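**Student:** Before we start, here is the structure in question, set down as structure tokens.
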Amino acid sequence: MTMIRRALLASPTNPAETAAHELIAAHDWVDLDEAEMLVALGGDGFMLQTLHMLLEKHRSLPVFGMNLGTIGFLMNEWEPHGLEERLARARPFKVTPLVMTATTVHGETHVLPAINEVSLLRETRQTAKLEVTVNDRIVLPELVCDGILVATPAGSTAYNLSAHGPILPLGSQLLALTPISPFRPRRWRGAILPEKARISLRVLDPGKRPVSAVADQREVREVARVDIAIDHKRDLTLLFDPEHALDDRITMEQFVA
93 MTMIRRALLA SPTNPAETAA HELIAAHDWV DLDEAEMLVA LGGDGFMLQT LHMLLEKHRS
153 LPVFGMNLGT IGFLMNEWEP HGLEERLARA RPFKVTPLVM TATTVHGETH VLPAINEVSL
213 LRETRQTAKL EVTVNDRIVL PELVCDGILV ATPAGSTAYN LSAHGPILPL GSQLLALTPI
273 SPFRPRRWRG AILPEKARIS LRVLDPGKRP VSAVADQREV REVARVDIAI DHKRDLTLLF
333 DPEHALDDRI TMEQFVA
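Counting from 93, one number per residue, gives the positions in the sequence shown under my numbering.
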């Protein structure tokens, strides 16, 4: 049977580096450019970095993560024994990123992917004032808030959940549009949109009320307008142990007290 060529990446932390040495001694690995599969050691932040690296390299390798960080929502448990069997049994899950096109007040354009969410945040003590457009229709002429975010199903249990947004089942083909500390309209708590929706967020009075846009961990400051859409051309694949699958984790987050 042909062995799948695997590469190993580890977070630059002591636990992950120690674990990497153990796996290097026990298994055969290849360079990333030759790999058909990737094993990542670290936490959720390192997993996001790894997925962004693959997007930048235009690679679509399946990634099996093992948690050596804190929460590890996007990771499997760290267990060095039986790795071959775990990889053979692993269930694949497609994760579709967003693409953020941010235009600054100076006319610069930045196009960045986001796996979890795109968020807009006020830069000063002044609240942000935003115009919200969905599919070329203005749905909120003025939202006064600390910010707003658009989350994928994979990211709906992260910042979105902390902002009291809904948990979206994996494969639901939905996006969460969630305000952050909304002031006006006071009763608006967000919306659930089909993933094909095109969302545009225009900053009202950006000189007095500057706003930054963040695609996962990458920030663009002093934005004037941000356009957000799903990007199916850049689907990513995460691998999970059958008993530790991502879709089940997301579902069970709804019952965590």
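Ideal Cβ placement from N, Cα and C applies to all residues, glycine included.
All values reported here derive from a predicted model rather than from experimental measurement.
To the nearest angstrom, how far is it from the Cα of W121 to the Cα of K325?
**Tutor:** Translated into the one-based positions of the sequence shown, residue 121 becomes position 29. Translated into the one-based positions of the sequence shown, residue 325 becomes position 233. If I take the Cα positions, the gap works out to 28 Å.
**Student:** From what residue to what residue does the beta strand (DSSP E) around M158 run?
**Tutor:** Looking up residue 158 in the sequence shown gives position 66. Counting along the chain, the beta strand (DSSP E) containing M158 begins and ends at 155 to 159.
**Student:** Give a yes or no on whether the C-beta atoms belonging to A258 and T270 are separated by under 9 Å.
**Tutor:** The count along the sequence shown starts at 1 and reaches residue 258 at position 166. The count along the sequence shown starts at 1 and reaches residue 270 at position 178. Reading off the sequence shown, one finds Pro at residue 258, where the question assumed Ala. Their beta carbons are under 9 Å apart, which means P258 touches T270 by this criterion.
**Student:** With three or more C-beta pairs closer than 8 Å as the rule, is the stretch 230 to 245 touching the stretch 201 to 221?
**Tutor:** yes
**Student:** Should M344 be labelled buried (16 or more other beta-carbon atoms within 10 Å of its own) or exposed?
**Tutor:** Walking along the sequence shown from the start, residue 344 turns up at place 252. It counts as exposed.
**Student:** Nearest-angstrom Cα distance between R178 and D333?
**Tutor:** Position 86 of the sequence shown holds residue 178. Position 241 of the sequence shown holds residue 333. Those two C-alpha atoms are separated by around 7 Å.
**Student:** So, for V315: in the same chain, excluding its five sequence neighbours on each side, which residues have a beta-carbon less than 8 Å away from its beta-carbon?
**Tutor:** Walking along the sequence shown from the start, residue 315 turns up at place 223. Contacts found: A194, T195, T196, V197, L212, V295, P298, V303, S304, A305.
**Student:** Mind checking which residues open and close the alpha helix (DSSP H) that includes A102?
**Tutor:** Walking along the sequence shown from the start, residue 102 turns up at place 10. Unbroken run through A102 is the beta strand (DSSP E), 98 to 102; no alpha helix (DSSP H).
**Student:** Tell me, to the nearest whole angstrom, how far the beta carbon of P189 is from that of L331; I am working on the premise that it is less than 8 Å.
**Tutor:** Counting from one through the sequence shown, the residue named residue 189 turns up at place 97. Counting from one through the sequence shown, the residue named residue 331 turns up at place 239. With 8 Å as the limit, P189 and L331 do not qualify as a contact, their Cβ atoms being about 17 Å apart.
**Student:** Would you mind stating whether E128 and L153 have Cβ atoms separated by less than 9 Å?
**Tutor:** Sequence index remark: in the sequence shown, residue 128 carries index 36 (1-based). Sequence index remark: in the sequence shown, residue 153 carries index 61 (1-based). Yes.
**Student:** Using a Cβ-Cβ cutoff of less than 6 Å, which residues in the same chain neighbour T162 once the five nearest sequence positions on both sides are dropped?
**Tutor:** In the sequence shown, counting from the first residue as 1, residue 162 sits at position 70. Contacts found: G135.
**Student:** So V224 and A289 are in contact, right, with Cβ under 8 Å, and what is the actual spacing, rounded?
**Tutor:** As a position in the sequence shown, residue 224 is number 132, starting the count at 1. As a position in the sequence shown, residue 289 is number 197, starting the count at 1. Contact flag wrong, Cβ pair sits at about 11 Å.
**Student:** From the DSSP secondary-structure annotation, give me the bridge partner or partners of I291.
**Tutor:** Stepping through the sequence shown from its first residue, residue 291 is reached at position 199. I291 has V226, I320 as its beta-bridge partners, per DSSP.
**Student:** Tell whether a beta-carbon distance below 9 Å holds between L351 and A112.
**Tutor:** Because the chain here runs from 93 to 349, residue 351 falls outside it and cannot be looked at.
**Student:** State buried or exposed for E148, treating a residue as buried only when at least 16 other CB atoms are found within 10 Å of its CB.
**Tutor:** In the sequence shown, counting from the first residue as 1, residue 148 sits at position 56. E148 is exposed by the Cβ-count criterion.
**Student:** Are the Cβ atoms of T219 and F165 separated by less than 9 Å?
**Tutor:** Walking along the sequence shown from the start, residue 219 turns up at place 127. Walking along the sequence shown from the start, residue 165 turns up at place 73. No, they are not a contact pair.
**Student:** Please list, in chain order, all residues of the same chain as A102 whose beta carbon is under 6 Å from its beta carbon, the five residues on each side excluded.
**Tutor:** The residue given as residue 102 occupies position 10 in the sequence shown. So the qualifying residues of the chain are A108, E109, A112, L133.
**Student:** From V348 to V242, what distance separates their C-alpha atoms?
**Tutor:** Start at 1 with the first residue of the sequence shown, and residue 348 comes out as number 256. Start at 1 with the first residue of the sequence shown, and residue 242 comes out as number 150. Their Cα atoms are separated by approximately 22 Å.
**Student:** So L267 and L285 are supposed to be a Cβ contact under 8 Å. How far apart are they, rounded?
**Tutor:** Taking the sequence shown and counting its residues from 1, one reaches residue 267 at position 175. Taking the sequence shown and counting its residues from 1, one reaches residue 285 at position 193. Yes, L267 and L285 are in contact; Cβ-Cβ is about 5 Å, under 8 Å.
**Student:** Reducing DSSP to helix, strand and coil, say where E126 ends up.
**Tutor:** If you number the sequence shown from 1, residue 126 lands on position 34. Helix, per DSSP.
**Student:** Would L143 and V187 be called neighbours here (beta carbons separated by less than 9 Å)?
**Tutor:** Taking the first residue of the sequence shown as 1, we reach residue 143 at position 51. Taking the first residue of the sequence shown as 1, we reach residue 187 at position 95. It is a contact, given that the beta carbons lie within the stated cut-off.
**Student:** Kindly indicate which residue of E234, T201, I272 has the alpha-carbon position closest to the one of K221.
**Tutor:** For the purposes of this step, residue 221 is taken as the residue at position 129 of the sequence shown. Closest option to K221, Cα to Cα, is E234.
**Student:** Buried or exposed: which applies to M93, given that a residue is buried once 16 or more other Cβ atoms fall within 10 Å of its Cβ?
**Tutor:** By 1-based counting over the sequence shown, the position of residue 93 is 1. Confidence is the limiting factor: at M93 the pLDDT is only 49, short of 50, which leaves the residue's position unreliable and the question unanswerable from this model.
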